[in-house]
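Report on the following structure.
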Amino acid sequence: MSVQTTPSTGTSVTRTGALTVALLAACVAFQLNASMLSPALVSMQRELHTDQAVIDLSQTWFFTAAALFSLFLPRLSDIVGRKRILVGMMVLMAAGSVIAAVAPNVSWLFVGRIIQGVSGPTVPLCLLMLRSATQDPRRYGALLGVITAVNGGVAGIDSFIGGYFTEHFGFRSLFWIMTVLAVVAAVLVSAMAPESRPAAGTSMDWAGVFCIVVAVGAVLVALNQAAGLVGAFDGGTLLVSVLLVALGVAAFAGFWAVEKRAAQPMVEIVHLRQRATWAPLLTTVMTMTGIFAVINGIVPAYVQAAAPGFAVGPTEMSLIILTPYALLGWVVGPFSGRLAPVLGYGNMLRIGLIGSLVALAVIAFLGLSSLPVMVVGTALLGIAYAGTANIMLNGLGIVLSPKANPGFLPGMNAGAFNLGAGLSFLVLPAVRQATESLGDTRTSYLIVVLAGFVVTLAALAVSFLIPRPAEAETLR
Numbered sequence: 022m023s024v025q026t027t028p029s030t031g032t033s034v035t036r037t038g039a040l041t042v043a044l045l046a047a048c049v050a051f052q053l054n055a056s057m058l059s060p061a062l063v064s065m066q067r068e069l070h071t072d073q074a075v076i077d078l079s080q081t082w083f084f085t086a087a088a089l090f091s092l093f094l095p096r097l098s099d100i101v102g103r104k105r106i107l108v109g110m111m112v113l114m115a116a117g118s119v120i121a122a123v124a125p126n127v128s129w130l131f132v133g134r135i136i137q138g139v140s141g142p143t144v145p146l147c148l149l150m151l152r153s154a155t156q157d158p159r160r161y162g163a164l165l166g167v168i169t170a171v172n173g174g175v176a177g178i179d180s181f182i183g184g185y186f187t188e189h190f191g192f193r194s195l196f197w198i199m200t201v202l203a204v205v206a207a208v209l210v211s212a213m214a215p216e217s218r219p220a221a222g223t224s225m226d227w228a229g230v231f232c233i234v235v236a237v238g239a240v241l242v243a244l245n246q247a248a249g250l251v252g253a254f255d256g257g258t259l260l261v262s263v264l265l266v267a268l269g270v271a272a273f274a275g276f277w278a279v280e281k282r283a284a285q286p287m288v289e290i291v292h293l294r295q296r297a298t299w300a301p302l303l304t305t306v307m308t309m310t311g312i313f314a315v316i317n318g319i320v321p322a323y324v325q326a327a328a329p330g331f332a333v334g335p336t337e338m339s340l341i342i343l344t345p346y347a348l349l350g351w352v353v354g355p356f357s358g359r360l361a362p363v364l365g366y367g368n369m370l371r372i373g374l375i376g377s378l379v380a381l382a383v384i385a386f387l388g389l390s391s392l393p394v395m396v397v398g399t400a401l402l403g404i405a406y407a408g409t410a411n412i413m414l415n416g417l418g419i420v421l422s423p424k425a426n427p428g429f430l431p432g433m434n435a436g437a438f439n440l441g442a443g444l445s446f447l448v449l450p451a452v453r454q455a456t457e458s459l460g461d462t463r464t465s466y467l468i469v470v471l472a473g474f475v476v477t478l479a480a481l482a483v484s485f486l487i488p489r490p491a492e493a494e495t496l497r
């Protein structure tokens with residue numbers, strides 16, 4: 022029997038409040054896997070005796086794993102229980118954090134990060150659970166903004182703690198913090214969140230899962246391989262990349278064939294053809310690719326560099342760059358979420374993307390030569406991207422999802438978020454490496470940020486194809 026989580030009128034505020042606390046804890050625990058490590062990347066490189074490219078690749082593999090698990094875990098949660106899946110994700114996140122904390126070398130760091138990636142669909146799963154308990158569009162929009170704003174950083178505290186603990190105790194201390202908070206989140210969700218199984222009794226389409234995971238995984242690995250060709254052509258690597266892309270295409274063709282014949286498909290083919298599916302997914306991937314590594318890797322590395330950067334330590338860098346970015350996103354998020362049902366999710370998304378383009382331009386043309394302007398540029402990015410565009414992209418994945426398969430689009434969108442984040446840490450560092458031969462490091466960083474600008478501009482263009490989620494809006 023399907024179990025829904027719609028609270029009664031008299032207790033809705035209390036139940037929704039308790040649920041929001043539990044879900045917020047889960048989202049915070051997940052976000053720490055990404056944002057708290059930003060000020061630690063340089064230290065990780067030094068302590069593990071490797072280079073920036075390898076550390077960036079560990080980030081890419083975390084987001085790759087997160088993208089793959091995001092493809093099917095939300096759908097599985099519709100069948101076996103959203104609460105059960107979310108608690109399991111938190112437990113595995115804790116296990117991966119322990120492995121990364123005690124990793125004797127980079128290989129074990131990769132193992133830990135990949136296991137942490139099981140938590141990839143945390144945010145959409147939380148939003149699905151929240152929507153089933155919140156009927157008013159405006160109230161849901163505000164709570165959506167509160168929870169989703171965590172994606173931009175935990176009010177800046179995560180980046181500050183990341184910088185402080187890295188500077189005083191080393192990067193391993195960060196993974197122990199992640200472990201503790203993941204366990205806390207698992208306990209809170211288990212105790213405070215009601216269970217819901219909107220597709221109870223439905224069979225999971227494991228053949229379709231296998232095909233889509235192989236398809237996306239093969240393409241992502243091919244991109245990882247291709248990144249190694251920058252500056253050093255290798256015929257064998259190129260051949261492997263081409264074969265992986267061919268495998269990905271063949272697996273997707275298999276997925277399409279399986280879904281057409283399956284009695285209870287993971288995704289109905291008619292949904293894949295609709296703009297309500299592919300337009301928001303493409304916008305999410307392009308937005309993340311253009312922005313994520315800029316704020317979580319490129320800018321922090323530049324600010325900490327002695328030349329031509331500003332020779333700022335990790336703690337100070339977190340305080341002046343990452344904390345304002347995340348804090349402003351946290352503050353603005355609930356307001357943009359509250360406005361979305363009134364002004365329109367699509368309109369708010371485009372406002373956020375335009376603001377993000379302005380912020381990237383400020384960082385590229387003025388911030389690289391002035392630390393105060395860099396601070397202003399990243400703060401603006403916190404308002405426009407973390408507090409607005411990111412909120413709308415997450416929200417659209419929920420409100421555009423088919424009623425008959427509510428976990429489908431949020432899961433695919435979570436995969437798109439993590440895919441875009443992984444591509445960002447793959448493509449933008451590759452651009453920087455390819456342009457280092459110009460001899461001017463500042464010019465290399467300028468080109469990287471401009472590359473992010475171009476991809477984000479393309480995301481803005483695609484966003485106009487996203488249909489309006491009329492049922493989730495109260496436009497007059």
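Each residue of the sequence shown is one higher than the one before, starting from 22 at the first, in this note's numbering. All C-beta atoms, glycine included, are put in the ideal place defined by N, C-alpha and C. Owing to the predicted nature of the structure, the values given are computational and were not obtained by experimental measurement.
| query | Buried or exposed: T456, going by 16 or more other Cβ atoms within 10 Å of its Cβ? | reply | buried
| Beta-carbon proximity check, T305 vs A437, cutoff 8 Å | yes
| task | Given a cut-off of 8 Å, decide if V315 and L264 are closer than it, judged by their beta-carbon atoms. | result | no
| task | Excluding the 5 residues preceding and the 5 following F273 in the sequence, name in chain order all residues of the same chain whose CB lies nearer than 6 Å to its CB. | result | A236
| said: I'd like the span of the alpha helix (DSSP H) that includes Q156, first residue to last. | reply: That residue, Q156, is in no alpha helix (DSSP H); it is neither H nor E in DSSP.
| field | Start and end residues, alpha helix (DSSP H) containing E68 | value | L62 to E68
| Are at least three pairs of beta-carbons, each pair with one atom in the region 90-101 and one in the region 429-448, less than 8 Å apart? | Yes, the region 90-101 is in contact with the region 429-448.
| query | Around the C-beta of S64, are 16 or more other C-beta atoms found within 10 angstroms, so that it is buried, or is it exposed? | reply | buried
| message | Going by DSSP, what residue range makes up the alpha helix (DSSP H) through K281? | response | Unbroken alpha helix (DSSP H) run through K281: G256 to R282.
| message | Just to confirm, is the Cβ distance from T298 to L414 under 8 Å? | response | no
| Simplified DSSP assignment, three categories, for S422 | coil
| task | Under the assumption that A271 contacts A47 (Cβ atoms under 8 Å), give the Cβ distance between them as a whole number of angstroms. | result | Going by Cβ atoms, the distance from A271 to A47 rounds to 36 Å, so no, they are not a contact pair.
| task | Output the distance between the C-alpha atoms of V208 and Q80, rounded to the nearest integer angstrom. | result | 27 Å
| said: Residues in the same chain with beta-carbon distance under 6 Å from I404, minus the five sequence neighbours each way, listed in chain order, please. | reply: Short of 6 Å from the beta carbon of I404, and not among the five residues preceding or following it, lie these beta carbons of its own chain, in chain order: L349 and V353.
| request: Can you say whether D179 is buried or exposed, counting buried as having 16 or more other CB atoms within 10 angstroms of its CB? | output: With 16 or more other Cβ atoms within 10 Å, it is buried.
| request: Please report the residue range of the alpha helix (DSSP H) in which D77 lies. | output: Counting along the chain, the alpha helix (DSSP H) containing D77 begins and ends at Q73 to S91.
| request: Under 8 Å by Cβ, that's how I've got L146 and R96 pegged, so tell me the actual separation to the nearest angstrom. | output: Actually they are not in contact, since the Cβ atoms of L146 and R96 sit about 11 Å apart, beyond 8 Å.
| request: Figure out for me which residue from L447, S391 and P286 has the closest Cα to the Cα of A332. | output: S391
| task | Out of V379, L471, L78 and S458, state which residue places its alpha-carbon closest to the alpha-carbon of I135. | result | L78
| query | Are the beta-carbon atoms belonging to V397 and V383 less than 8 Å from one another? | reply | yes
| request: Could you pull out every residue in the same chain whose Cβ sits closer than 8 Å to the Cβ of A239, ignoring the five residues on either side in sequence? | output: L265, V266, L268, G269 and A272
| Pair within 8 Å by beta-carbon distance, G183 and M57 | Between G183 and M57, the CB-CB gap stays under 8 Å.
| field | Range of the contiguous alpha helix (DSSP H) that encloses F510 | value | The question about residue 510 has no answer, for the chain in this structure spans 22 to 497.
| task | Can you tell me which of the three DSSP states N126 falls into? | result | If DSSP states are grouped into helix, strand and coil, N126 belongs with coil.
| field | Which listed residue (W277, P355 and W129) has its alpha carbon closest to that of N411 | value | Per the C-alpha coordinates, the member of W277, P355 and W129 positioned closest to N411 is P355.
| request: For I487, I'd like the list of residues in its chain whose CB is within less than 6 Å of its CB, leaving aside the five on either flank, ordered along the chain. | output: A300, P301 and G367
| task | Determine the contact status of L389 and Y323, defining contact as a CB-CB distance below 8 Å. | result | yes
| said: On the criterion of 16 or more Cβ atoms from any shown chain inside 10 Å, does A472 qualify as buried, or is it exposed? | reply: buried
| query | In terms of residues, what are the limits of the alpha helix (DSSP H) holding I312? | reply | Here the alpha helix (DSSP H) through I312 covers R296 to A314.
| task | To the nearest angstrom, report how far apart A86 and F196 are at their CA atoms. | result | 18 Å
| message | Using only the alpha-carbon positions, how far apart do D99 and S217 sit? | response | 7 Å
| DSSP state of D99, grouped into three classes? | helix
| request: Tell me whether N126 is buried or exposed, calling it buried when 16 or more other Cβ atoms sit within 10 Å of its Cβ. | output: Exposed is the call here.
| Under the three-state reduction of DSSP, which class applies to P286: helix, strand or coil? | coil
| task | Put R453 into one of helix, strand or coil per three-state DSSP. | result | helix
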